[in-house]
Amino acid sequence: MGCVWSNCKEGMESIVTGHPIKSEEDIFNLRIPPNRDGRLPHGFMYLRLLDLCGFELAMTLFAEENEALQVLIDKVLEYNVYQVEAILPRIGDIVYFGDDNGMQRGLAIGPERWRKYIKPCYAKLYGIVKQYKPDTLVYMHTDGCIWEIMPDLVECGVDMINPQFSANGLDNLVRVCRGRIPITLDLDRQLFPLATPSQLHDHVAECVESLYLPEGGLGLNVELNYEIPLNNMAAILDAVEEYRFYKG
């Protein structure tokens, strides 16, 4: 779609630094790509809007709520529908989707506009999967502070959510999810480089002891990078291994 991708270190994930849509007029002239290869990379819906427009223009569109916003959303959704339909013959027991909806302290567009504009898109896409194969589980990764829309994601057809610890807060996750929404919790990557091994053990213990239920519904996700000391990596993995057998 004409986006320019950049990263700060070879081999690391890139971000869009060049956005093809510079004005509302560009939205009306935007052509939907013709490929039907079944690829839905991370950032397929909400983040795709930001990648195309840039953050400032995208937020202006959501603030003004004019025709251009809906046209852009409809075009991105139409493309995504093609892609989901292309993978249907190949889907197994679980389908993975990833799209970061939150900022550090909430949704940039707020929950009301999110429910008005973005929620129907997820419902349509996940509904296609469920209609084709009802027993298929939908797993959704979404970074940022999203606890207030997690029940909405379930209404869209999501079966398990991958939220972040630090952005959402453990208290919110316990209140919203425990016994209601299965999650794979992203352990606190912001803590990993700086904490002591003892603090990392306590972090894993707190998460598991707070969210554990005998009937299940909790997974832990660990992401490690070059900034984390090796002894901290070992402490995190040791704690996760220990708490695999927790029966509180």
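Position in the sequence shown (from 1) plus 1078 gives the number in the working numbering. We put the beta carbon where it would ideally sit given N, CA and C, even for glycine. Owing to the predicted nature of the structure, the values given are computational and were not obtained by experimental measurement.
Residue state for ASN1179 is assigned as coil, using DSSP reduced to three classes. The C-beta distance from TYR1195 to ILE1151 rounds to 6 Å, short enough to fall under 8 Å. Close CB contacts of TYR1200 within its chain, under the 6 Å cut and outside five residues either way in sequence, are with CYS1234 (chain order). In the structure shown, ILE1261 adopts extended strand secondary structure according to DSSP, grouped into three states. Taking C-beta separations shorter than 7 Å and ignoring five residues to either side along the sequence, the partners of GLU1163 in its chain run ILE1206, following chain order. Within the model, the alpha-carbon separation for THR1274 versus ILE1105 is close to 49 Å.
Per DSSP, the unbroken alpha helix (DSSP H) holding VAL1232 starts and ends at 1228–1234. Under the DSSP assignment, GLY1121 falls outside any beta strand (DSSP E); it carries neither an H nor an E label. Counting C-beta atoms within 10 angstroms of its own C-beta, ASP1129 has 16 or more neighbours from the protein chains shown and is therefore classed as buried. Contact between the region 1118–1134 and the region 1208–1218 is not established, with fewer than three Cβ pairs separated by less than 8 Å. Residue pairing by DSSP places TRP1083 opposite VAL1094 in a beta bridge. Secondary structure of GLN1242 (DSSP, three-state): strand. About 7 Å separates the beta carbon of TYR1217 from that of VAL1173, a gap short enough to meet the 8 Å contact definition.
Following the DSSP letters along the chain, one finds GLY1297 inside the beta strand (DSSP E) bounded by residues 1296–1299. In the DSSP assignment, TYR1160 is bridged to no other residue.
With distances taken between CA atoms, PHE1243 lies nearest to HIS1281 out of GLN1277, HIS1281 and GLY1132. By the C-beta criterion, the region 1180–1197 is judged not to be in contact with the region 1152–1159, since fewer than 3 inter-stretch pairs fall below 8 Å.
Between PRO1260 and GLY1295 the beta-carbon gap is near 4 Å, inside 8 Å, which marks them as a contact. Residue pairing by DSSP leaves TYR1195 without any beta bridge partner. Just so you know, the alpha carbons of LEU1291 and LYS1325 end up roughly 8 Å apart. Scanning its chain for C-beta atoms nearer than 6 Å, with the 5 sequence neighbours on each side dropped, one finds around GLY1297 the residues THR1262, in chain order. Within a 10 Å sphere around the beta-carbon of PHE1133 sit fewer than 16 other beta-carbons, which makes this residue exposed. With respect to the 7 Å criterion, MET1181 and GLY1222 are classified as neighbours on the basis of their beta carbons.
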